[in-house]
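Be aware that the first sequence starts at 1, since it is given in full-length UniProt numbering, and climbs by one per residue. The C-beta atom is built at its ideal place from N, Cα and C for all residues, glycine as well. Everything below concerns the one structure shown next.
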Amino acid sequence: MGIFTNPSSPSFTRALHIKDRFLQSFDSLKQLKHVHSQLIRIGLDQENYLLNLLLRSSFDFKDTHYTRLVFHQTHEPNVFLWNTMVRGLVSIDCFKDAIASYASMRREGFSPTGFTFPFVLKACARLLDFRLGLKLHSQVVKLGFSCDVFVNTSLVSLYAKCGYIEDALKVFDDIPNKNVVSCTAIITGLIGVGKCREAIDMFRKLLEMDLVPDSFTLDFHAKCGNMERARLLFDEMGEKDIVSWSTMIQGYASNGLPKQALELFHNMLDHGLKPDCYAMVGALSACARLGALELGEWASSLMNIDEFSINPVLGTALIDMYAKCGSMTKAYDVFKGIRAKDRVVWNAEISGLAMNGHIPAAFAVFGQMQKYGIPPDGNTFVGLLCGCTHAGLVNEGRQYFNIMVRILSLAPTIEHYGCMVDLLSRAGLLDEAHQLIKSMPMEANAVVWGSLLGGCRLHRDTQLAEHVLKKLVELEPWNAGNYVQLSNIYSASHKWDDAENVRSLMGERGMTKLRGCSWIEVCGIVHEFLVGDTSHPLSEGIYSKLSELDKDLRAAGYVPTTEYVLFDIEDEEKEHFLGCHSEKLAVAFGLISTGPAEVIRVVKNLRVCGDCHEAIKLISKITGREIIVRDTNRFHCFSGGTCSCKDYW
DNA sequence: TTAGGGTTAG
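What follows is the structure in structure tokens.
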């Protein structure tokens, strides 16, 4: 007889009160333990119903020591308690323990219910234990659960995850009352084993029967890059679950729409939903793209900090956010805290250090990675080679490339060749870079040719540049950037007519240059500036700060480097044009709107201009401020009149 | 009077 069947019992009201307490969530394990002590005090600590609620809540804090204590203090556990134990262990990723708990339950003579199997089958699927799966399946049949849609869906998922799609299909076909969840399981299974045609056929069939969840279709549109269509569907959805929100946020972030991703993230919070791991990764990757450190830190604070140590995917997203915001000290703290560092975690740290110009540290972390026995992969070497490129370390780059190919037998991808071409081109070894492109086992893409073109510009090789440009135009005739770079080369060599011809060609083909744009985050708000922008509410203050700086800069010996201007116009006009490049506007805004000890962090959508680079170096000296500019290629940390890139970029 | 399967990430 349960406590709630007898309202006249003196414990009834107290038990009801405690039951209500369990309906609310607990902020800490301490609060939960307090309720547990109340149960003991009033003599209800053997009341299985209440103990079950306590056990369930205890898993929220991932403290297996305490959950076991609660379970083992029960004199006569019932099947509900056993099920909660198995379910809880699965929920905190302790799959082997969950299976062991199920085995104990059987040993103790308890017969599993329809609720037991989905939990234990999930543990089995996560461990990819096909043999155990077969045993469990036979128990399902023996105990008469072969018509239960929940149990069968778990079996479908288990077989599919283990790669036995035929068995999964057999179970699926026999489900009498298929629903949206069981259909999702089979489509995912088909995609997982690469049976995409079958997956699409199934998708179509189920669409007709209205058995495809909206979150699935949403993800489909997002993965195809069609965020407008995804948004339409999302807005039409009545009940939006956490998966739909996360899918949308992630979709925006991975389709280059970080502002929309963060807007939706805020929206989700306004709807009273707590972000899950997926939404968090989406939000962090949006912040990383925008270089929005404050926003990224705020977002991460919405989740228990331990989660970032436990879940390496979350940890990596946070490392990446800090790295892309130029805050490697914090990125390193996160890196150190991650308990089970997989290869991706190590790679993120190495790439972060490399892109921030901490090259010896990147090499050292690589050394540690090897010491811990984590085998590097191609991505590890992309990070290392990028580091070599930023520091101009040609010999080291060649060595890493050789280690990768000759010692580790890793096949270089086009990205590795791209890094090597970049490294050689920047160092002025243009012929060698060109030869490398010709010897590549695959066709060079626009990125590889683009690196060589950048080298041609840096080392004033107009002849090779013309050749490269022809290749680039073939590969991507729509890309205005190629024309602009050639025009830059001609302008810098004072070949104004040639420059004009290229620009006319652009005009004829109806192309316009991607406009320079910079962002700066102040008090959690991202401010955007275009070249010559006067739209900002504080525009007057920004321009007056710039003219004030101009005087100080000239007094400090700064001469505008007019060769960075594209057009053949008068020097005075060129200077004016340079004076309002987006990165300078963002820096000036940072100077007037942040405290004197704050670091100014700017992100630019193109490479930082050479003149701005010189000017910002001096601005950092004159104002005594640390200024970090992230461009499409690397970080420039300006301090005391110098830049971390040592003028090599 | 208790609870369940699938989908979204670095």
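Going by Cα to Cα distance, which pick from R343, A340 and T316 is closest to A331? T316
Can you list the beta strand (DSSP E) stretches of 3 or more residues lying completely in the UniProt repeat "PPR" (241–275), in chain order? none
C-alpha distance - E415 paired with I305, whole-angstrom precision: 34 Å
Mind reading off the beta-carbon distance from P312 to I338? Whole number of angstroms is fine, and I expect it under 8 Å. 6 Å
Once the 5 residues before and after M442 are set aside, which same chain residues still bring their CB inside 7 Å of it? I414
Are the beta-carbon atoms of M420 and L436 separated by less than 8 Å? yes
Taking only three categories from DSSP, how would you classify L606? coil
Let me check understanding here. Comparing Cα to Cα, which of D210, L452 and R197 lies closest to K178? D210
Should V70 be labelled buried (16 or more other beta-carbon atoms within 10 Å of its own) or exposed? buried
Quick check: F117 and S157, are their CB atoms within less than 8 Å of each other? no
Thinking F381 and M404 are a contact (beta carbons under 8 Å), I'd like their distance in whole angstroms, please. 5 Å
Measure the alpha-carbon distance for A499 versus D550 and round it to whole angstroms. 29 Å
Count the other CB atoms within 10 Å of the CB of C147; is the residue buried (16 or more) or exposed (fewer)? exposed
Option in R289, I310, A283 and L290 with minimal Cα separation from S300: A283
What distance in whole Å lies between the Cβ atoms of G590 and S620, which are believed to be in contact at a cut-off of 8 Å? With a Cβ gap of about 11 Å, S620 and G590 do not count as contacting.
Are at least three pairs of beta-carbons, each pair with one atom in the segment 603–610 and one in the segment 540–559, less than 8 Å apart? no
Can you tell me whether V141 is buried or exposed? The criterion is at least 16 other CB atoms within 10 Å of its CB, across all chains shown. exposed
Near C325, what residues of its chain come up, given a Cβ to Cβ distance below 6 Å and the 5 sequence neighbours on each side ignored? G291 and L293
May I ask you to verify whether the segment 515–530 touches the segment 486–504, counting CB pairs closer than 8 Å and requiring at least 3? no
Residue from E598, G352 and R457 whose Cα sits closest to the Cα of I319: G352
Nearest to M105 by CA position, among C94, N501 and V120, is which residue? V120
Taking only the alpha-carbon atoms, compute the straight-line gap between V35 and C124 and give it to the nearest angstrom. 34 Å
In chain order, which continuous runs of the alpha helix (DSSP H) of length 4 or greater are located wholly inside the segment 382–458? 394–402, 414–426, 430–439 and 446–458
Which of helix, strand or coil does DSSP assign to E573? Bear in mind that the predicted position of E573 carries a pLDDT of just 45, short of 50, making it unreliable; the figure below should be weighed with that in mind. Helix, per DSSP.
Apart from the five residues just before and just after F115, which ones in its own chain have a Cβ nearer than 6 Å to its Cβ? N83
Separation of H75 from S8, as counted between CA atoms: 25 Å
Comparing alpha-carbon positions, which option in S539, E208 and F308 lies nearest V334? F308
Compute the Euclidean distance between the alpha carbons of T623 and L429, then round it to the nearest angstrom. 38 Å
Beta-carbon gap between T188 and A160 smaller than 8 Å: yes
Between G144, L54 and T13, which has its C-alpha nearest F26's C-alpha? L54
First and last residue of the uninterrupted alpha helix (DSSP H) at E47: First-last for E47: undefined, no H or E at that position.
D631 versus N152: straight-line alpha-carbon distance, rounded: 52 Å
Taking the straight line between their C-alpha atoms, what separation do you get for L566 and D647? Residue placement at L566 is flagged as unreliable, the pLDDT there being 41, under the threshold of 50; the coordinate-derived value follows with that caveat. Whole-angstrom Cα-Cα distance: 21 Å.
Count the other CB atoms, across all protein chains shown, that sit within 10 Å of the CB of S544; report buried if there are 16 or more and exposed otherwise. exposed
Keeping to the same chain, check which residues put their C-beta closer than 8 Å to that of L385; ignore five residues upstream and five downstream. G397, Y400, F401, H416, C419, M420 and L423
Looking only at its own chain, which residues have a Cβ that is under 6 Å from the Cβ of I569, when we skip the five neighbours before and after it? At I569 the pLDDT is 39, less than 50, meaning the model places this residue with poor confidence; the figure from the coordinates comes in the next sentence. Counting only Cβ-Cβ distances below 6 Å, and skipping sequence neighbours, we find nothing.
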